[in-house]
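Note that our numbering has the sequence shown beginning at 17, numbered continuously upward.
Ideal Cβ positions, reconstructed from N, Cα and C, are used throughout, including at glycine.
These numbers were taken from a predicted model, which means no experiment stands behind them.
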Amino acid sequence: MKTAVAKIKKLSSLRPTLALVLGSGFNHVLSELEVDAEIPYAKLPGFPKPSVAGHDGKLLIGKLGGTPVIVLSGRAHFYEGHPMERVTFAVRALAAYGITDLLLTNAAGGINRKFRAGDFMVLTDHINFMGTNPLRGPALPGLPRFVDLTQAYDVTLSALLASAARTAKVKLQRGVYLAVSGPSYETPAEIRAFGKLSADAVGMSTVPEAIVARQCGLRVAAMSCITNLAAGISKHPLSHQEVLETGERVKLVGARLLKEFGKLYGKEK
Ligand code: HPA
């Protein structure tokens with residue numbers, strides 16, 4: 017951890033307090049980033065080697081909408097077989113670096129009948145259905161053992177996302193994200209059940225990172241790109257291809273939204 021953090025500090029004289037984790041469909045924001053420095057995860061001890069199409073693996077430092085940010089392009093997913101420690105390592109490294117605010121993004125399937133493929137959704141809360149918890153294991157010195165998640169997603173940062181969406185003229189849905197381990201997509205029966213549990217969207221990431229970030233005391237906001245309607249709601253079978261295609265279709269919208277968020281975050285600081 018110390019080596020990775022020292023390397024990130026040496027990379028750039030910028031000292032961002034905001035970090036973004038880019039999920040499928042959000043990578044295009046890199047074209048809006050004034051890059052100061054970048055480093056592949058392979059050169060950061062402890063960082064994962066992502067292997068899914070649509071996710072590369074590098075950390076960038078630069079300015080987004082004039083605001084210094086760290087961007088993680090690519091994440092480790094639990095379904096790839098990584099232990100939770102590896103899935104959440106980068107978040108712990110960001111906290112050790114001095115990041116105070118974290119924006120997590122992801123692709124998700126829409127459960128809420130009002131959602132359409134290509135919509136964006138800010139997370140108001142989550143349901144952890146991954147079957148494990150990233151804080152399981154020995155207690156970590158100096159960090160809380162039992163982490164309160166009453167307000168996992170920060171109200172101020174989420175309001176900033178909503179303002180960014182208004183300015184960027186992007187419709188922003190709000191809802192509860194339910195995380196599964198994957199990698200199979202859900203059955204229609206599972207999606208009906210998740211809907212009854214109050215889930216608006218389903219995906220395979222974000223929740224472990226959000227929980228660890230809260231343990232580290234970071235403020236967290238998260239946003240989904242609804243890349244497809246969930247199983248049984250969609251009229252056709254689900255595919256990773258559809259996820260990538262929707263991401264591609266709305267990439268400019270996502271990038272605009274994130275850039276505006278960067279700008280507003282800088283003003284509020
Ligand atoms: N289910 C789970 N994860 C996903 C989906 C989905 O429908 N779409 C994108 N990520």
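When Gly82, Thr121, Ala178 are compared, the shortest CA-CA separation from Thr222 is found for Thr121. Here His252 is exposed. Its C-beta has fewer than 16 other C-beta atoms within 10 Å. Annotated three-state conformation of Pro56 is strand, per DSSP. Between the beta-carbon of Ala111 and that of Met146 there is about 21 Å, and that puts the pair past the 8 Å contact cut. Residue burial is scored here from C-beta neighbours: Arg272 has at least 16 other C-beta atoms within 10 angstroms and is therefore classed as buried. The shortest C-alpha to C-alpha distance from Ala237 to any of Val192, Asn128, Arg129, Ser174 is the one to Ser174. One thing to note: Ala215 has its Cβ within 7 Å of the Cβ of Val192. Annotation for Gln167: no beta strand (DSSP E) segment contains it, and DSSP assigns it neither H nor E. Here the alpha carbons of Arg230 and Glu54 stand approximately 26 Å from one another. By the CB criterion at 7 Å, Ala123 and Gly211 fall outside the cutoff. In the DSSP assignment, Met137 falls within the beta strand (DSSP E) that extends over 136–145.
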